[in-house]
Amino acid sequence: MPAGRLPQARLAIDSGRLDAALNGGLALAGCHELYGPAATAFALMLVLASARAGPILWISDGRGEDGRLHGDGISELGGDPARLWLVAAGGVVPMLRAAGEAQACPALAAVVLESHGEARAIDLTVTRRLQLAAAAHGVFTLLLRGGPPRPSAALTRWQAQPAPTRRLAADAPGPPRLALTLARQRGGPADINQLLEWNRDRRRFVAAGQSAGQLVPIGFAPIGLAYARGRPAPPHPGAGVAAAPGRAADQGSVAA
1 MPAGRLPQAR
11 LAIDSGRLDA
21 ALNGGLALAG
31 CHELYGPAAT
41 AFALMLVLAS
51 ARAGPILWIS
61 DGRGEDGRLH
71 GDGISELGGD
81 PARLWLVAAG
91 GVVPMLRAAG
101 EAQACPALAA
111 VVLESHGEAR
121 AIDLTVTRRL
131 QLAAAAHGVF
141 TLLLRGGPPR
151 PSAALTRWQA
161 QPAPTRRLAA
171 DAPGPPRLAL
181 TLARQRGGPA
191 DINQLLEWNR
201 DRRRFVAAGQ
211 SAGQLVPIGF
221 APIGLAYARG
231 RPAPPHPGAG
241 VAAAPGRAAD
251 QGSVAA
């Protein structure tokens, strides 16, 4: 087993309906598709929850027009910005080429591909290749898609929306919340909705009840710090490459 890999092959998400549908959790040696305005935050949370050692390679197609991943937002989620290696590939094809090489590297905690628009080049054949490489090398692979769902060989497809947080003392917003939908799963149940709250200290999700405290409007949720509109990502140790532009589809979770 490569260094830094956990013995279990699945990531428990909610210890409830989602994990039951996923046969114990999300397969770490696999490729998973994420859609929606909170897809970026969900991807970061999944990688942090996986507790895998090593850098997180985030490869963008370079077509984002609004915002960049921001170190402060990553810290808000409980992560270390120095672990995030950002690459602006300059197109979908270069992004896929870089991802193919990265998936063969067992030292990475995860490989995240960030596409914008329809990205028709990411078709059934390409996603099958990504899935086969993820399974063969045990590399956690996440594909963020900005356009409408397309035929895919990814193990799962998720829709992620930001949700209002609980109001804490002194009217402070509570931990970030996501409204998730498991929209598709190869060989398993789907169309499952769950509201989850992120625990940054334990780096894990917990199921959140709608009645758990007064809610704060989405615009004040800390999840918005994952992106900063118009601000470049600050330099951080270990990056060595250009920061990737943010996703236009993530405007719902961008800090004003």
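Numbered per the UniProt record's numbering, the sequence shown spans residues 1 to 256. Beta carbons are placed, not taken as given, at the ideal position from N, Cα and C, and that holds for glycine. This one's a predicted model, so the numbers in the text were calculated from it and none came from an experiment.
Where residue i sits in the DSSP three-state scheme
i       : result
Pro-81  : helix
Ser-60  : strand
Glu-98  : Contrary to the premise, residue 98 reads as Ala rather than Glu in this sequence. If DSSP states are grouped into helix, strand and coil, Ala-98 belongs with the helices.
Arg-128 : helix
Gly-25  : coil
Ala-207 : strand
Ala-53  : coil
Ala-134 : helix
Ala-9   : coil
Ala-226 : Here Ala-226 scores only 44 on pLDDT, less than 50, and its place in the model is too uncertain to base an answer on.
Boundaries (first-last residue) of the beta strand (DSSP E) holding residue i
i       : result
Gln-194 : 192–199
Glu-118 : From DSSP, Glu-118 is part of no beta strand (DSSP E); its letter is neither H nor E.
Leu-34  : 31–35
Nearest candidate by alpha-carbon position, reference residue i, set the options
i       : options                               : result
Leu-77  : Leu-132, Arg-97, Leu-28 and Gly-174   : Gly-174
Ala-119 : Ala-9, Pro-149, Gly-25 and Gly-188    : Pro-149
Cys-31  : Ser-15, Ala-51, Arg-10 and Pro-81     : Arg-10
Gln-185 : Trp-198, Gln-159 and Ala-170          : Gln-159
Trp-85  : Ala-133, Asp-19 and Leu-57            : Leu-57
Ala-88  : Cys-105, Glu-114 and Leu-108          : Glu-114
Gly-36  : Gly-117, Ile-59, Leu-96 and Leu-22    : Gly-117
Gly-188 : Leu-22, Thr-40, Ala-110 and Leu-96    : Leu-22
Ala-109 : Gln-194, Asp-19, Met-45 and Arg-97    : Met-45
Thr-165 : Leu-28, Leu-155, Pro-176 and Asp-171  : Pro-176
Cys-105 : Ala-170, Ile-59, His-137 and Gln-194  : His-137
Leu-26  : His-70, Pro-81 and Thr-156            : Thr-156
Pro-94  : Ala-121, Ala-107, Gly-79 and Gly-73   : Ala-121
Arg-63  : Val-126, Leu-168 and Val-92           : Val-92
Glu-33  : Ala-169, Ala-102, Thr-181 and Val-206 : Thr-181
Glu-197 : Ile-59, Gln-161 and Ala-20            : Gln-161
Ala-163 : Ile-74, Ala-41, Asp-201 and Gly-146   : Ala-41
8 angstroms contact criterion, which residue i and residue j should meet: CB distance rounded
i       : j       : result
Leu-130 : Leu-143 : 7 angstroms
Leu-124 : Ala-99  : Rounded, the Cβ-Cβ distance is 16 angstroms, inconsistent with contact.
Ala-135 : Gly-54  : Wrong, their Cβ atoms sit about 18 angstroms apart, outside the cutoff.
Leu-195 : Ala-179 : 5 angstroms
Ala-43  : Val-112 : 6 angstroms
Phe-140 : Ser-50  : 6 angstroms
Ile-192 : Leu-28  : Not quite, the Cβ-Cβ distance comes to about 20 angstroms (not below 8 angstroms), so this is no contact.
Ile-74  : Phe-205 : That belief does not hold up - the Cβ atoms of Ile-74 and Phe-205 are roughly 17 angstroms apart, past 8 angstroms.
Boundaries of the alpha helix (DSSP H) in which residue i is found, first to last residue
i      : result
Ala-39 : 39–50
Asp-14 : No alpha helix (DSSP H) contains Asp-14, which DSSP labels as neither H nor E.
Gly-71 : 71–76
Any chain B beta carbon closer than 8 angstroms to residue i
i       : result
Leu-130 : The chain inventory of the structure shown lacks chain B, comprising one protein chain alone.
Note to self: To test your reading of the DSSP string, which unbroken beta strand (DSSP E) runs of 3 or more residues are found completely within the stretch 136–189?
What the structure shows: 141–144, 156–163 and 177–185
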